[in-house]
Structure formats: structure tokens, C-alpha cells
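Asks:
Protein chains: 2
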Amino acid sequence: MSLTRVHNFSLSLDGFGTGEGLSRDAPFGHAGERLHEWMFATRWWHRMTGRPGGTRGLDDVFVRQFTPGIGAEIMGAGKFGPPGWHEDPQWKGWWGPNPPFHTPTFVLTHHPRPSIEMEGGTTFHFLDASPAEALEAAREAAGDQDVRIGGGATVIRDFIAAGLIDHLHVVVVPILLGRGVRLWDGLEGLEKNYEVEAISSPSGVTHLTLTRMVL
Amino acid sequence: MSLTRVHNFSLSLDGFGTGEGLSRDAPFGHAGERLHEWMFATRWWHRMTGRPGGTRGLDDVFVRQFTPGIGAEIMGAGKFGPPGWHEDPQWKGWWGPNPPFHTPTFVLTHHPRPSIEMEGGTTFHFLDASPAEALEAAREAAGDQDVRIGGGATVIRDFIAAGLIDHLHVVVVPILLGRGVRLWDGLEGLEKNYEVEAISSPSGVTHLTLTRMVL
Numbered sequence: 001m002s003l004t005r006v007h008n009f010s011l012s013l014d015g016f017g018t019g020e021g022l023s024r025d026a027p028f029g030h031a032g033e034r035l036h037e038w039m040f041a042t043r044w045w046h047r048m049t050g051r052p053g054g055t056r057g058l059d060d061v062f063v064r065q066f067t068p069g070i071g072a073e074i075m076g077a078g079k080f081g082p083p084g085w086h087e088d089p090q091w092k093g094w095w096g097p098n099p100p101f102h103t104p105t106f107v108l109t110h111h112p113r114p115s116i117e118m119e120g121g122t123t124f125h126f127l128d129a130s131p132a133e134a135l136e137a138a139r140e141a142a143g144d145q146d147v148r149i150g151g152g153a154t155v156i157r158d159f160i161a162a163g164l165i166d167h168l169h170v171v172v173v174p175i176l177l178g179r180g181v182r183l184w185d186g187l188e189g190l191e192k193n194y195e196v197e198a199i200s201s202p203s204g205v206t207h208l209t210l211t212r213m214v215l
Numbered sequence: 216m217s218l219t220r221v222h223n224f225s226l227s228l229d230g231f232g233t234g235e236g237l238s239r240d241a242p243f244g245h246a247g248e249r250l251h252e253w254m255f256a257t258r259w260w261h262r263m264t265g266r267p268g269g270t271r272g273l274d275d276v277f278v279r280q281f282t283p284g285i286g287a288e289i290m291g292a293g294k295f296g297p298p299g300w301h302e303d304p305q306w307k308g309w310w311g312p313n314p315p316f317h318t319p320t321f322v323l324t325h326h327p328r329p330s331i332e333m334e335g336g337t338t339f340h341f342l343d344a345s346p347a348e349a350l351e352a353a354r355e356a357a358g359d360q361d362v363r364i365g366g367g368a369t370v371i372r373d374f375i376a377a378g379l380i381d382h383l384h385v386v387v388v389p390i391l392l393g394r395g396v397r398l399w400d401g402l403e404g405l406e407k408n409y410e411v412e413a414i415s416s417p418s419g420v421t422h423l424t425l426t427r428m429v430l
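In order, the protein sequences belong to chains Z and U.
Counting from 1, one number per residue, gives the positions in the first sequence under the numbering used here.
Counting from 216, one number per residue, gives the positions in the second sequence under the numbering used here.
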């Protein structure tokens, strides 16, 4: 059974998954890189960016769940590029010629364009579709592997609300952003359908996992 | 130096300190007792309610910080009673003849009334005052001891925004209330003035402490 998983999605203490004022120079708006510093410190990230060292503890263990068993990703338009990217025919995402996805990657957008094949196994497909329709396409592309929902907050919330998330890993970072896009809005009672675990890391972040209960 | 402290203030994962629909029969509205079950399981709570047993681990260690060194409490009108309590001249709080405060306790209200002396050292005083004014009165009553800010969420937020909180202990409970009163609204950048620590408990809650940095 192919599962739908979210990994390494960072939230501020006050529940924002990204800041305000997103732009080409500020992909996370006024949040800057503060939501992701815990990740940059891990050995996994150091390796991926060609550097030695990095932590090998709890944060690294969690962050490494990103890749294994994943056969496709679905992301929102707001993750693929800054506001207005669809007006730039040359825009191919933030990640350079070899993006870190290495699978078919479905971008939800009201402005579909032809697929783009990148290096390293990532192919971007553009879909104007509901969460359920996008998941059907991604599952077919993933074979018997799992589908990762890559964010941002709005897309993850939409997939949760549609009952389509099996495993959700959220990383609560001890900062207060005050404004931006909230993850948890409108999800009252979600815990009834999930096993929830929280574990604090010496780095200061707290890893939350919500795993759907099998009925 | 007398400090201003918050202890055992419970929040849902989505940041609500209480639910919606507060009434005499539902002091926390639709949240019910779910925000405080972690506390009811502790030995401290069992002792206070005359029962044997109770947990002796992390939750109990934290919950016991409530009393020592505290010389006065300040609470909001919404903690003292249900909406409209000021129209009931007999209302003396939720806690029976011997409330758990055992110190002078200042209730912020736009409808002040004469002070009420209870058993066990609690005297309720009613003040129509700003956070700073209330703190001045409470400090005088507390002598050289600390002042506890007892909640609810709005009052704690007002004291934080006024720069009047030295130590804040928040307990994040893994439920999504969806609606109610949020603690963290409008506090962008708060972490710059506080040392923040998070530690998850085997019970499922996560204890957060924010301690003001001495400059």
C-alpha cells in the first residue's frame, strides 16, 4: 500500500510554515532561513551540499526519512517559485539543474506548462487538479512507492483536510514569526485519527509525528 | 528581585489556551478538560485532591513550580468566573472555600467589587487596572516574593506584550482545538529576549520554558 507522507515541514512556535513577503530574494519571506537552520546543521544536509561534518543525532535521523521509499512528490505553486513565476517561461524551480527530489514531482498550479526534465531523476509535471486527482497521478508515477507531499503549508493543510495524509512529520522551531501562512487552521480534532508523538531535540526544535491510525 | 512568572499554562498544538463557548458548565468551553489531563495525572494533583498515587516524572516536576516563592497571583476576569459572573454578587470563583492560590490574588475586571477573604490564605482583590498597575499592586502584596500571572491567554499575552514576564512555562498538548483564544498572537520576535527550552514528556505533552535573558 502506497502511503502519503510529509517530512521535515518546519513550523514556528506560533504555527507559521512560512513568513510574509515571499519573493525571489526571500523564498520564505520575513522568516528568512530561521525555520530551517536545524536542518542545515545535520550531516545529511552537509553531505548534500558537499561539506564535511554535520550533526548525527535526532535531527539527522528524522531528516533522512525524506528520501527512502518515496516515488513521487506533490508540491504547491508557492513552493516551486516566487509569486508570479508562471509568467517566466524560463523558471525551473529554486534548486538548480539537479533538484533534490530525484523522482517525478507534481506542481499544483492554475497555470500548467509542459513537463520539465531535470538532471538526477527529477521531472516537474504541472497540474491544475484537486488534491485527490493529483495524488492519483502521483501514485501512478510512484509505482508501489510512497508519495511525499512537499508543502507549503496551504497544500499540506488541504491534503490533511481531504483525509489524504498517512504520516506527517512537523518540526517546531522555537521562534515566533507573528505572521505568514498557518498550517493548523481549520483542523479541529485531527488528533482523533492520528497517533501523535513529540520529541524534543537538543538543538532546540521539537519533532512531531502524526501517523494515521489503522482502523 | 521579585520576578513575574507563568506556570502550567496549557496550549493546544494549534496554539489555543482555551476553547470556545465558555460557561458555568464548561469553564474551558469545547476544550473541556483535555488541556489539563497531563496535570491531573501528576502526584501533585492527586495530593491536592486527596487521592493516592500519581506520576512522579517530568510533568510532576514542572507542575510543582506553581507554588514555591510565589507571594501573589494576578488573573483575568475570564479565569475567575464564567461570562457574566460580575452580575452574581455571590460568585467567589470556581475553587470552593479554599482556593489553591493561598496568597493575595488580584482579579483584573472592569467591574471591581470589595475584596473577598477565603480560607487558606487566598484573598481575592478586584482591580480595574493596566498590567503594569496590577503588577505594582501585586508586588507590594507579595513582599520580596514572586508574582504569578495565572491566565487566561489574553492576560498572559497582554503581560508579555508589556514586557512584564520574566519566566513563562507553557505546556503544549497534542490536540487541535481549532478555535478559542490564542496565546501567541502579535508576539513576533519574542524569542530574541528569552532563552527558550523545549522538553517532551513521555505523557505526550511538551514543556516549553521561556526565561528572560539578563542583559
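C-beta: ideal position from N, C-alpha, C; glycine also.
A quick note: this is a predicted structure, and the numbers were derived from the prediction, not measured.
(1) Between Ser12 (chain Z) and the rest of its own chain, which residues show a CB-CB distance below 7 Å, the 5 nearest in sequence each way excluded?
(2) At the 7 Å Cβ level, is Ala196 (chain Z) part of the contact set with chain U, yes or no?
(3) Could you spell out the range, first to last residue, of the beta strand (DSSP E) harbouring Ala287 (chain U)?
(4) When you compare the segment 315-326 of chain U with the segment 283-296 of chain U, are there three or more beta-carbon pairs, one atom per stretch, that lie closer than 8 Å?
(5) List the residues of chain U whose Cβ lies closer than 7 Å to the Cβ of Arg179 (chain Z), in chain order.
(6) When Cβ atoms are compared, which residues of the segment 7-39 of chain Z fall closer than 7 Å to chain U?
(7) Please report the straight-line C-alpha distance between Arg266 (chain U) and Gly311 (chain U), rounded to a whole angstrom.
(8) Can you tell me whether Asn193 (chain Z) is helix, strand or coil according to DSSP?
(9) Pick from U:Arg220, U:Ser225, U:Val221, U:Thr219: whose alpha carbon is nearest that of Arg397 (chain U)?
(10) What does a CB cutoff of less than 6 Å around Phe159 (chain Z) pick up in its chain, not counting 5 residues either side in sequence?
(11) For Ala162 (chain Z), count the other beta carbons within 10 Å of its own beta carbon; 16 or more makes it buried, fewer makes it exposed. Which is it?
(12) Please name the residue in U:Thr219, U:Val385, U:His422, U:Arg239 whose C-alpha comes closest to that of Asp303 (chain U).
(13) Could you tell me the distance, in whole angstroms, from the CA atom of Gln280 (chain U) to the CA atom of Val221 (chain U)?
(14) Taking 8 Å as the limit between beta carbons, can you name the residues of its chain near Arg43 (chain Z), skipping five residues before and five after?
(15) Would Ile160 (chain Z) pass as an interface residue toward chain U - the criterion being a Cβ-Cβ separation below 7 Å?
(16) Anything in chain Z within Cβ reach of Glu406 (chain U), meaning under 7 Å, just list it in chain order.
(17) Return yes when the Cβ of Ser416 (chain U) is within less than 7 Å of the Cβ of Ile199 (chain Z), no when it is not.
(18) Helix, strand or coil for Gly17 (chain Z) per DSSP?
Replies: In short:
(1) Translated into positions along the first sequence, residue 12 (chain Z) becomes position 12. Cβ within range, chain order: Leu35, Val173, Ile175, Leu176, Leu177.
(2) Along the first sequence, one-based indexing puts residue 196 (chain Z) at 196. The identity of residue 196 (chain Z) in the sequence shown is Val, whereas the question assumes Ala. The beta carbon of Val196 (chain Z) falls within 7 Å of a beta carbon belonging to chain U, placing the residue at that interface.
(3) Working through the second sequence from its first residue, we reach residue 287 (chain U) at position 72. Residues 285-291.
(4) Taking a contact to require three or more Cβ pairs closer than 8 Å, the segment 315-326 of chain U and the segment 283-296 of chain U qualify as touching.
(5) For this step, residue 179 (chain Z) is matched to residue 179 along the first sequence. Simply Glu403.
(6) Only those residues of the segment 7-39 of chain Z whose C-beta falls short of 7 Å from the nearest C-beta of chain U are listed: Leu13, Asp14, Gly15.
(7) In the second sequence, residue 266 (chain U) corresponds to position 51, counting from 1. In the second sequence, residue 311 (chain U) corresponds to position 96, counting from 1. A straight-line Cα-Cα distance of about 18 Å links Arg266 (chain U) and Gly311 (chain U).
(8) Against the first sequence, residue 193 (chain Z) aligns to sequence position 193. Helix, per DSSP.
(9) Taking the first residue of the second sequence as 1, we reach residue 397 (chain U) at position 182. The shortest C-alpha separation from Arg397 (chain U) is found at U:Ser225.
(10) Along the first sequence, one-based indexing puts residue 159 (chain Z) at 159. Once the five neighbours on either side are set aside, the close Cβ partners of Phe159 (chain Z) are Pro131, Ile149, Ile165.
(11) Mapped onto the first sequence, residue 162 (chain Z) falls at position 162. Ala162 (chain Z) is exposed by the Cβ-count criterion.
(12) Taking the second sequence and counting its residues from 1, the one referred to as residue 303 (chain U) is at position 88. Asp303 (chain U) has its Cα closest to that of U:Arg239, out of U:Thr219, U:Val385, U:His422, U:Arg239.
(13) Position 65 of the second sequence, counting from 1, holds the residue named residue 280 (chain U). Position 6 of the second sequence, counting from 1, holds the residue named residue 221 (chain U). Counting only the Cα atoms, Val221 (chain U) lies some 10 Å from Gln280 (chain U).
(14) Residue mapping note: residue 43 (chain Z) aligns to position 43 of the first sequence, counting from 1. Excluding positions up to five away in sequence, the list reads Gly53, Gly54, Thr55, Arg56, Asp60.
(15) In the first sequence, the residue the question calls residue 160 (chain Z) occupies position 160. It does not; no Cβ of chain U falls within 7 Å.
(16) Position 191 of the second sequence, counted from the first residue, corresponds to residue 406 (chain U). The answer, in chain order, is Pro174, Ile175, Leu176.
(17) Position 199 of the first sequence holds residue 199 (chain Z). Position 201 of the second sequence holds residue 416 (chain U). Result no, Cβ atoms of Ile199 (chain Z) and Ser416 (chain U) do not sit closer than 7 Å.
(18) The count along the first sequence starts at 1 and reaches residue 17 (chain Z) at position 17. Note: Gly17 (chain Z) maps to strand in three-state DSSP.
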